[in-house]
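Peer 1:
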Amino acid sequence: MRRVTVRKSSVHGRGVFALQAIPAGQRILEYRGELTSWRQASARHQRSGMPGHTFIFGLADGRVIDGSVGGNSARWLNHSCQPNCEAVEDERRRVFIETIRDLKLGDELFIAYGLTIDEVKSPEIVANYACRCGARKCTGSLLA
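Under this note's numbering, the residue at position 8 of the sequence shown is numbered 94, and the numbers go up by one with no gaps.
(1) Where does Ala127 sit, in a helix, a strand or coil, going by DSSP?
(2) Any chance you could list the beta strand (DSSP E) runs of at least 3 consecutive residues sitting entirely within the region 104-179, in chain order?
(3) Who are the Cβ neighbours of Gly144 in its own chain at under 8 Å, not counting the five residues just before and after it?
(4) Assign Ile183 to one of three DSSP states: helix, strand, or coil.
(5) For a quick check, are the C-beta atoms of Arg130 and Ser154 less than 8 Å apart?
(6) Below 8 Å between beta carbons: does that hold for Gly119 and Glu194?
(7) So, at 8 Å on beta carbons, what are the nonlocal neighbours of Ala146 in its own chain, with the 5 sequence-adjacent residues on each side left out?
(8) Can you find the residues in the same chain that come closer than 7 Å, C-beta to C-beta, to Arg113, ignoring five residues on each side of it along the sequence?
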């Protein structure tokens with residue numbers, strides 16, 4: 087039985103939603119996509135023309151999973167400054183999304199992006215990474 091679905095989100099674009107109650111501590115999804123270098127994924131992202139919208143997930147070894155190529159529903163997870171899920175990287179460089187709080191039927195799943203960028207944080211760049219989560223303790227940014 088499927089536990090999550092992707093649909094329109096009130097936070098941003100599409101989101102991932104619980105189809106049933108899910109307790110804390112559950113592994114929900116694997117973040118899938120092409121395993122590649124930052125350089126290749128960044129070049130692909132630049133060509134996409136969608137600043138502030140990325141499916142790139144950084145790994146501890148410096149490579150990335152690019153969910154825009156062969157990705158699954160995990161790429162639609164939205165950011166929240168008060169997330170209910172977290173991303174956990176295992177020793178094989180696979181990333182899993184796990185609940186850190188109990189979810190109710192219909193809850194949107196969120197992770198904290200903690201994005202880092204190499205560019206100078208100009209007002210335009212900062213605006214491209216503005217947070218829309220609406221959490222009480224919102225930082226206002228997807229950036230770490």
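In this text, a Cβ means the ideal position worked out from N, Cα and C, and glycines have one as well.
Peer 2: This is what the structure holds:
(1) Note: Ala127 maps to helix in three-state DSSP.
(2) For the region 104-179, whole beta strand (DSSP E) runs of length 3 or above, ordered along the chain, are 113-117, 120-123, 142-144, 149-152, 171-175.
(3) Around Gly144: Trp124, Val150, Thr202.
(4) The three-state reading of DSSP puts Ile183 in strand, counting E and B together.
(5) In contact: Arg130 and Ser154 (Cβ atoms closer than 8 Å).
(6) Contact: no.
(7) Hits under 8 Å: Glu175, Arg179.
(8) Cβ within range, chain order: Phe182, Glu184.
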